[in-house]
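Working notes for the structure below.
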Amino acid sequence: MTKITSLADLRRIKSDVEAKMSLRERSETPESMVQIRVAMATCGIASGAKIVMDYMIDELDKRNIPAVVTQTGCMGYCYAEPTIEITRPGHGPIVFGFVDSKKADQIIEKYIKNGELLDGIIPVNYENIEGKK
Amino acid sequence: MEMINIKIDNKDIKVAPGTTILDAAKSVGINIPTLCYLHLHDFDITNKPAGCRICVVEVKGRRNLAPACATDCYEGMEVSTHNIRVLNSRKTVLELILSDHPTDCLVCSKSGSCELQTLAQDMGIRQIEYQGEQSHYKEDTSPAIIRDVDKCIMCRRCEMMCNDVQTVGVLSAVNRGFMSVVAPAFEMNLDHSVCTYCGQCVAVCPTGALTEVDNTNQVIRALADPSKTVIVQTAPAVRVALGEEFGMAPGTRVTGKMVSALRSLGFDYVFDTDFGADLTIMEEGTELLDRITRHLNGDKTVKLPMLTSCCPAWVNFFEHQFPEMSDIPSTARSPQQMFGAIAKTYFADKLGIKRENMVVVSIMPCLAKKYECQRDEFATNSNPDVDFSVSTRELAHLIKQANINFTSLPDQDFDHPMGESTGAAVIFGTTGGVIEAAARTAYELFTGKTLEKVDFKQLRGMEWIREATVDFDGTPIKIGIAHGLGNARKLLQDIKDGNSSYHAIEIMACPGGCIGGGGQPLHYGDTSILMARQKAIYTEDEAKTIRKSHENPYIQQLYAEFLGKPMSEKSHHLLHTKYFDKSKPAEIDE
Amino acid sequence: MTQYKMHLLVCGGTGCRASESELLFHNLKKEVFEKGLENDVQVITTGCFGFCEKGPIVKVMPDNTFYTQVKPDDAIEIIAEHVIKGRRVTRLLYVNPETEQHVADSKHMGFYRKQLRIALRNCGFIDPENIEEYISRDGYAALAKCLTEMTPAQVIEEMKKSGLRGRGGGGFPTGLKWEITSKSQADQKYVVCNADEGDPGAFMDRSILEGDPHSVIEAMAICGYCIGATKGIVYIRAEYPLAVERLKIAMKQAVEFGLLGKNIFGTGFEFEIDIRYGAGAFVCGEETALIHSMEGLRGEPTIKPPFPSVSGYLEKPTNVNNVETFANVPVIIIKGAEWFASIGSEKSKGTKVFALAGKINNVGLIEVPMGTTLRDIIFEIGGGIKDGKKFKAVQTGGPSGGCLTEKHLDIAIDFDSLTAAGSMMGSGGMIVLDEDDCMVSIAKFYLDFTVEESCGKCAPCRIGNKRLNEMLEKICEGKGTMKDLDLLRNLSHVVKDTSLCGLGQTSPNPVLSTMDNFYDEYLAHIVDHRCPSGQCKALLQYVIEAENCVGCTACARNCPVNAIAGERKGIHVIDQATCIKCGACLEKCKFNAVFIK
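Protein chains in written order, with the numbering used here: chain B, 1 to 133; chain C, 134 to 723; chain U, 724 to 1320.
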């Protein structure tokens, strides 16, 4: 461990650890952030969903966009894997299919940042009980 | 000094900063009752745990009542010492204390002199509303002191004396809450602890929790036994204090009346411990001289300083706490014991009786003497040199039981030969007296010259530790004096550390010396009584014609007829002793 | 991948540990490792979340899921379902008792909605055994600010402006205490943290030390800087082994990081902390008794003045503060006195941590702004009375406090309002009582405690409390008289008025408070020989309701003392004089004929 001999040392440790802790900090109020769910069932993983998830997390962090990225199970769109569901604060969820790193980059810049729609949106074709009150 | 203004019971007064409410009130004649508080003014010893809450008073602006003994006055303070709130609280607290106290006043040894009883009387307690469980403990009887701590009120005076003044450390508060009491560790018996029996705890205990062992019944039985010749010896400190038990002023010399009373009681021979004191000076003075002379001649094996050994509580302290230095005190026995040894040999021979038919009783200001006379080495064939020791207080009881009107007794003289003593002997009763007596004799023996000025005023006083240099015709002899075991400890530690440059040191366990002994009439904190007793001792000395021990003709006769010379083989056998290592860990009672 | 994708926070407070949260933690870690997720999922233990009734707690981030009553065996399911598949394990979610719906986000729970966690800001969030996590939350930044940007006088001024008052029960203004101690002249001064927490049922300080020990360490160093002390001592009760362990780990890390010891932040300021252990005496929570205990003497209080600020430990100026008081200090320095003073009421600033216990649904640790009403605390945060019973009273301040009743429910809680209502804040214990609690028994329960814990030094507490206890016992046994009520009242006032220290000065409070608010219960015990709540066994009467009795003789046959008389098919009667109130008849009767009166 590093010995702290000045205020600068303290600040440096803080900023180093803050990154690791930021997930907890942000998660206190998830509704105010972009919620991203990455389908990580067998088909998803087989199609490289993990790479997409890692990419989303890193890039959103780099571009300073507060977001909560979680993995989920099969959303049912096995033909379009990897699929991700994006919920912007105040909007309904939108599912994108055939996502790779390149597509993910566009999704971030266009939809997440500006609300611009892109190709490859998969219309929701079922209801789930979570939505019901 | 800038005085501060306060109001007590609507009286405006000025007091010095740092004055307690109690003292401020006293200065205008308001005596707030106290119980645990004790202030030995001349010794600067104070006990004020503020635990009894009897002295509480109302202070304007303060939420709760304040203990007067421990609360300092401040500018503008307004105090009420006896409004209804205070009186109700004080009475209730007293009732609480009484509710956890045995009610055997009628047969309690402290009845009539008990501070709790007096307080209850003064406060007019007629009923104890708050009855309930009482805390009980096992009673503990040692050779000298009885602990009946059902009667302990947690005033902590004994704890203070034992730890802070005497530094023996036997008594402290144990347990918690309702069952808390002051006792030796693990509530063990005193005789398993390092108690020295100095009795200072008894001297300050306000109730009957700590009292002396009562040997008066044994004395009465001995006096009633026609086959026994009963001899009594009286210590010097008794004759300047006994009168107080009969309403006489402190410091009244009642030697003559005391002798009369003892004769009335039926003692066959009324002798004087002072005879033994003169004898002690002969032996101890010779021993001191021998050591000093050898030391001055360059003998490296001789140990100095030499310490006096006449105080049994001090000897106990020494054997428990500094046993590795047992070759430093004098080997001379105490006057009480020397007297007994001579009485049961020399005098028994003179009377033509066997020692088993002689009973030697000592009247002592001391409780440790009760323990001392029971020591194994002070007996022959299980017959002790001194059979019983009774304290000044017990003697007063005996006199009252025999309905002797003490104050109107005529003065009588002691019997011969063991009733004759010098002024040097009588000053044994005060701190500084033993070493002054020794100096008077040692001077003449050492220098071969006559001592013109007998008073060694530089050795006198009440300061805890004193030192003085006595001029033995050109040879300076350094003397150290300590009273109170805590001060003895300091001097002993100096010796242990190699920092002591004295030739001789006198140690008395009790504050003031024997005049302040554990068996003396209680002073209730008024140290002016001790000062008065000390003054009386020196007056008694001045009134004597012979004031140097070696000039006592009966002592000279004793040596000529019986002992030979000081430190002879016979003297060694009868009048000297050795010391034991008692530093083993104390046993814990089951 | 440098970052974890998911954090699992497992409560490691003593309460949850007693329900195997340590095993749960290990199981989660094991499962994470076995599924190869150790680079993605971080599992840590944290301090107390406060919702002790529903422990063990596991919080999942980033989706902010609050799991309750998690068992060690649930670890596999949590990893498999929630972590891997992204599906919440609904059976472990909290259920809102009113709506009967699952609630995953603690912010939406009645328990948490009105809480404001300042002293507990890091409890349940960081791993208390990792100093870096503390640092990431502005840890030690307050100390740095004080040492590098402020003078001691400026820090003291900030503390005074904040209005922080002692949280141990005394409510003395902290800034003022620091100022007085700073003005005392001596060659050595001491900062003492009172972590003795003797009140029965109180665990605020324990949770802070278990969950965020660094906040106390940092505060003590700041205090040392202000008053001119280089030594600090934490006096902690030996019955808190986990808190002691976490504190020791924290201290060790602080020393390793150079935040304790010499030349802190290169400013030349030095501060070291020592730990001393209590030995099981409530009275040693009193500051002078605490000091004497540390000195190796008997743990007895001594009169004040002199106050410890002037002459304390080893007769040097000593500043004694409670754990919770210290926990507030760093955040006051970082966020400013004005921010702190904006929370709470006029004379009581900030928040207070309460240990909510008794007959309440949501038992646990809560922190609310001063000025929150009792009603909110009991009925919203506390979730109301258990089993739907009726609220009777809430005892605040432990054995030193009094009870508040229905008429006090809308009091805005702070130091002064509670004292005015006949109780006191104390250290934060809140015991909720319902219709089945006998108030006389409650008073006796508290006196049992203070009689046991009295040090014995002063007569009114040593003997007076014992007598109060005996009288209450008499009343509970049905042997009380009307005179006893007068004696109880007078003695209570005298003990309060004449006792040497805070223990005796407040121990009669439960008696006076229950007598003032529930005099009818006392009368019932004494005059009617009846305990209205049915709690005092000696006053219970088992009776057979004639209407329901069919004479089956089951009760008579099972009565161990043959107290029931009756013929077959005839009405049975219980002889009250013989009855020992064992309840066997009630158990055996199949016809609901036996009642307790």
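Cβ atoms here follow ideal geometry from the backbone N, Cα and C, with glycine treated the same way.
Small disclaimer: the values here were computed from a predicted structure and weren't measured.
Tell me which residues share the same chain as residue i and place their Cβ nearer than 6 Å to its Cβ, disregarding the 5 neighbours each side in the sequence.
i, result
"G724(C)", "With chain C running from 134 to 723 in the structure shown, residue 724(C) is simply not present."
"P550(C)", "Y687"
"M458(C)", "none"
"V957(U)", "C916, A918 and I998"
"A41(B)", "G73 and C74"
Given that residue i touches chain U, what residues does it touch there, using C-beta distances under 8 Å?
i, result
"R63(B)", "Under the 8 Å cutoff, chain U gives no residues; its nearest Cβ is about 15 Å from R63(B)."
"I230(C)", "A1182 and I1186"
"S313(C)", "C1178, G1179, K1180 and R1185"
"I94(B)", "Those within 8 Å of I94(B) in chain U number zero; the least Cβ separation is about 17 Å."
Under 8 Å between beta-carbons, which chain B residues line up against residue i? List them in chain order, please.
i, result
"Y863(U)", "I4 and L10"
"T822(U)", "Per Cβ cutoff of 8 Å: no residues; T822(U) is ~10 Å from chain B at best."
"T871(U)", "L7"
Answer with yes or no whether the minimum CB distance from residue i to chain U is below 8 Å.
i, result
"M56(B)", "no"
"A203(C)", "yes"
"T225(C)", "yes"
"Q71(B)", "yes"
"A19(B)", "yes"
"P82(B)", "no"
"G131(B)", "In this prediction, G131(B) scores a pLDDT of 49, lower than 50, which makes its location untrustworthy; the coordinate-derived value is nonetheless stated afterwards. Chain U contact via Cβ: absent."
"S326(C)", "no"
"N143(C)", "no"
"I108(B)", "no"
"E262(C)", "yes"
Closer than 8 Å, CB to CB, is residue i near chain B or not?
i, result
"I858(U)", "yes"
"H730(U)", "yes"
"G989(U)", "yes"
"Q877(U)", "no"
"Q726(U)", "yes"
"E855(U)", "yes"
List the residues of chain U that residue i touches, going by C-beta distances under 7 Å, in chain order.
i, result
"V68(B)", "P785 and D786"
"S290(C)", "The sequence shown places Arg at residue 290(C), rather than the Ser named in the question. Under the 7 Å cutoff, chain U gives no residues; its nearest Cβ is about 14 Å from R290(C)."
For residue i, write down the residues that DSSP places opposite it in a beta bridge.
i, result
"F1077(U)", "I1089(U)"
"L440(C)", "P462(C) and I638(C)"
"H825(U)", "V818(U)"
"C1126(U)", "Q1118(U)"
Please list, in chain order, all residues of the same chain as residue i whose beta carbon is under 7 Å from its beta carbon, the five residues on each side excluded.
i, result
"G131(B)", "Note that G131(B) has pLDDT 49, beneath the 50 cutoff, so the model's placement of it is unreliable and the number below is only indicative. None."
"L870(U)", "Y948, I987, F988, T990 and F992"
"C291(C)", "L304, V315, C334, V337, C338 and L343"
"S1068(U)", "M1093, G1094, A1135 and D1137"
Any Cβ of chain C within less than 8 Å of the Cβ of residue i?
i, result
"T1221(U)", "yes"
"N1232(U)", "no"
Counting only Cβ pairs nearer than 9 Å, list the residues of chain U close to residue i.
i, result
"M287(C)", "G1179, K1180, C1181, A1182 and R1185"
Ignore the nearest five residues each way along the sequence and tell me which others in residue i's own chain have a CB closer than 8 Å to its CB.
i, result
"G302(C)", "C295, N296 and V327"
"N138(C)", "D145, I146, K147, E208 and G209"
Residue i versus chain B: which residues are under 7 Å apart at the beta carbon?
i, result
"F848(U)", "R24"
"A867(U)", "L7 and L10"
Does any C-beta atom of chain D lie closer than 8 Å to the C-beta of residue i?
i, result
"I51(B)", "Reference to chain D is not applicable here, since the protein chains of this structure are B, C and U."
Exercise for review: Give a yes or no on contact between the segment 891 to 899 of chain U and the segment 866 to 877 of chain U, applying the rule of three or more CB pairs nearer than 8 Å.
Suggested key: Output reads no: the segment 866 to 877 of chain U does not touch the segment 891 to 899 of chain U.
Check your understanding: Taking three-plus beta-carbon pairs below 8 Å as touching, is the segment 1203 to 1212 of chain U in contact with the segment 1124 to 1135 of chain U?
Key -> no
Review point. Any chance the segment 833 to 853 of chain U sits against the segment 1085 to 1097 of chain U, with 3 or more Cβ pairs inside 8 Å?
Key: yes
Practice item. Flag this pair as touching only if the segment 185 to 204 of chain C and the segment 231 to 251 of chain C have three or more C-beta atom pairs under 8 Å; answer yes or no. Key: no
Check your understanding: Does the count of Cβ pairs from the segment 1255 to 1266 of chain U and the segment 1159 to 1167 of chain U closer than 8 Å reach three?
Key -> yes
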